[in-house]
Amino acid sequence: MTSRNLDQFLESNIANLKENGLYNEIDTVEGANGPEITIKGKTLINLSSNNYLGLATHAELKSVAKQAIESHGVGAGAVRTINGTLDLHIELEKRIAAFKGTEAAIAYQSGFNCNMAAISAVMDKNDAILSDSLNHASIIDGCRLSKAKIIRFEHSDMEDLRAKARDAVESGEYNKIMVITDGVFSMDGDIAKLPEIVEIAEDFDLITYVDDAHGSGVTGDGAGTVKHFGLQDKVDFQMGTLSKAIGVIGGYVAGKQSLIDWLKVRSRPFLFSTAVSPADAVASTKAIEMLMESTELNEKLWENGNYLKKGLKELGFDIGESETPITPCIIGDEKQAQTFSKRLYEEGVYAKAIVFPTVPRGTGRVRNMPTAAHTKEMLDRAIRIYEKIGKEMNLI
Ligand SMILES: *Cc1c(COP(=O)(O)O)cnc(C)c1O
Numbered sequence: 001m002t003s004r005n006l007d008q009f010l011e012s013n014i015a016n017l018k019e020n021g022l023y024n025e026i027d028t029v030e031g032a033n034g035p036e037i038t039i040k041g042k043t044l045i046n047l048s049s050n051n052y053l054g055l056a057t058h059a060e061l062k063s064v065a066k067q068a069i070e071s072h073g074v075g076a077g078a079v080r081t082i083n084g085t086l087d088l089h090i091e092l093e094k095r096i097a098a099f100k101g102t103e104a105a106i107a108y109q110s111g112f113n114c115n116m117a118a119i120s121a122v123m124d125k126n127d128a129i130l131s132d133s134l135n136h137a138s139i140i141d142g143c144r145l146s147k148a149k150i151i152r153f154e155h156s157d158m159e160d161l162r163a164k165a166r167d168a169v170e171s172g173e174y175n176k177i178m179v180i181t182d183g184v185f186s187m188d189g190d191i192a193k194l195p196e197i198v199e200i201a202e203d204f205d206l207i208t209y210v211d212d213a214h215g216s217g218v219t220g221d222g223a224g225t226v227k228h229f230g231l232q233d234k235v236d237f238q239m240g241t242l243s244k245a246i247g248v249i250g251g252y253v254a255g256k257q258s259l260i261d262w263l264k265v266r267s268r269p270f271l272f273s274t275a276v277s278p279a280d281a282v283a284s285t286k287a288i289e290m291l292m293e294s295t296e297l298n299e300k301l302w303e304n305g306n307y308l309k310k311g312l313k314e315l316g317f318d319i320g321e322s323e324t325p326i327t328p329c330i331i332g333d334e335k336q337a338q339t340f341s342k343r344l345y346e347e348g349v350y351a352k353a354i355v356f357p358t359v360p361r362g363t364g365r366v367r368n369m370p371t372a373a374h375t376k377e378m379l380d381r382a383i384r385i386y387e388k389i390g391k392e393m394n395l396i
């Protein structure tokens with residue numbers, strides 16, 4: 001017999017989530033995650049993916065991935081440090097470093113696992129980490145794993161960061177101090193104040209770590225938020241993912257050679273977990289090459305983002321203060337945001353409601369992620385559906 005204790009735990013906790021409307025039923029996408037998706041046989045305009053440039057289904061990437069399967073097989077065969085480092089992984093890392101303007105880079109199996117790996121390889125219990133209060137879950141978990149003292153500063157509040165950095169230094173309690181932030185915050189689409197963060201880091205000799213999961217491919221003509229501000233020489237860790245704008249799977253840190261050398265001997269998910277497959281590695285490499293050769297997809301992404309924002313704003317919706325294509329439509333009340341999203345679905349738009357505790361109470365919203373792959377016709381159709389439901393629910 002299996003554990004009755006576990007059964008009790010699961011039953012009561014799942015029932016509790018369901019009662020509070022917090023149990024997430026996951027939709028299955030039938031087929032590819034493109035600008036339109038099919039769920040339960042119904043075709044919907046997809047405004048919920050992180051596939052910013054439409055690369056997840058790009059013909060050239062599919063083609064190089066198939067070739068890599070033929071030449072290298074479907075799996076890497078071992079962890080990187082035994083004999084699972086394929087020439088394709090080395091090419092990917094070289095390409096990432098060139099893309100980010102750094103000496104070197106290390107690739108991981110995912111962005112989440114990269115944060116778990118990289119933070120704890122450098123920080124330990126005698127250190128402190130200054131962390132933006134809206135940082136991603138993988139940053140929080142990576143910080144926890146390191147056992148460093150976590151000091152949260154108010155979201156993008158540079159006075160608070162400076163005061164807490166000063167306190168941490170003056171306490172004399174810590175060997176090393178890191179400041180860590182998302183480059184682009186995915187709930188509101190705002191950009192971290194990196195020039196100020198770097199200035200504070202220089203004043204207090206902080207290690208700087210930017211997680212640019214939502215910035216790479218998007219800001220800085222595609223090269224990311226650090227490039228957007230021209231700070232490639234001033235940020236120690238340029239972390240990113242290959243799973244969002246790049247369209248494939250994986251994560252990475254780009255930085256100086258000595259940092260990457262250290263991560264290759266000390267970060268545990270690199271040492272003890274097999275690398276991404278040959279197909280993944282070449283598809284990511286090719287995607288980065290495409291971004292370095294042409295800004296066409298990046299420009300299309302911004303054009304579509306601005307078009308959707310303008311359309312929703314003209315209808316009278318509150319679209320917040322996004323500085324990127326991420327377009328929140330802030331409804332306020334949590335229940336209403338959920339009803340709004342459900343009605344959008346019924347009318348043919350897939351845009352997820354995001355509510356407390358993911359965002360502050362009373363700022364429930366539907367978040368739209370336009371991509372380079374959307375056509376004007378799709379966006380117009382989505383805007384008309386927003387208008388219909390906005391009026392129906394007396395929101396505009
Ligand atoms: C999505 C995300 C990650 C995780 O990336 P994956 O490659 O999907 O694991 C890490 N950090 C931030 C800020 C993210 O938005």
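Take the sequence shown: its letters are residues 1 to 396, numbered as in the UniProt record's numbering. Using N, Cα and C, we set each Cβ at its ideal position, and we do this for glycine too. Just so we're clear, the structure is a prediction, and the values are computed from it rather than from any experiment.
Here Ile-191 really is in contact with Thr-225; their C-beta atoms are around 6 Å apart, less than 8 Å.
Looking at the DSSP output, Pro-328 shares a beta bridge with Arg-367. With a cutoff of 7 Å, Lys-335 does not count as near ligand 1, since its C-beta is closer than that to no heavy atom of the ligand. In the DSSP assignment, Gln-238 falls within the beta strand (DSSP E) that extends over 237–241. In the DSSP assignment, Val-282 falls within the unbroken alpha helix (DSSP H) covering 278–293. Here the distance from the Cβ of Thr-241 to the nearest heavy atom of ligand 1 is below 7 Å. The beta-carbon separation of Ile-389 and Gly-316, rounded to 13 Å, does not stay under the 8 Å limit for a contact. Exclusion of the five residues before and after Arg-343 leaves Ile-389, Glu-392 and Met-393 as the residues of its chain whose Cβ lies within less than 8 Å of its Cβ. Annotated three-state conformation of Ser-49 is coil, per DSSP. Judged by the Cβ position, Gly-111 qualifies as a neighbour of ligand 1 at the 7 Å threshold, a heavy atom of the ligand being closer than this.
With respect to the C-alpha of Pro-360, the residue from Lys-227, Ala-372, Ser-133 and Gly-31 having the closest C-alpha is Ser-133.
The residue from Ile-180, Lys-149, Leu-145 and Ser-110 with its alpha-carbon nearest to that of Tyr-174 is Lys-149.
At least 8 Å separates the beta-carbon of Gly-183 from that of Asp-160. Counting C-beta pairs with one atom in each stretch, the region 137–154 and the region 185–204 have fewer than three that are closer than 8 Å, which means they do not touch. Residue pairing for Ile-106: DSSP places it in a beta bridge opposite Val-253. If you draw a straight line from the Cα of Phe-272 to the Cα of Asp-236, it is about 24 Å long. Taking Met-369 as reference, the option from Leu-53, Leu-61, Lys-264 and Ile-177 with the minimal CA-CA separation is Leu-53. The residues Gly-101 and Gly-220, in chain order, have a CB closer than 7 Å to that of Lys-227 in the same chain once the five nearest residues on each side in sequence are set aside.
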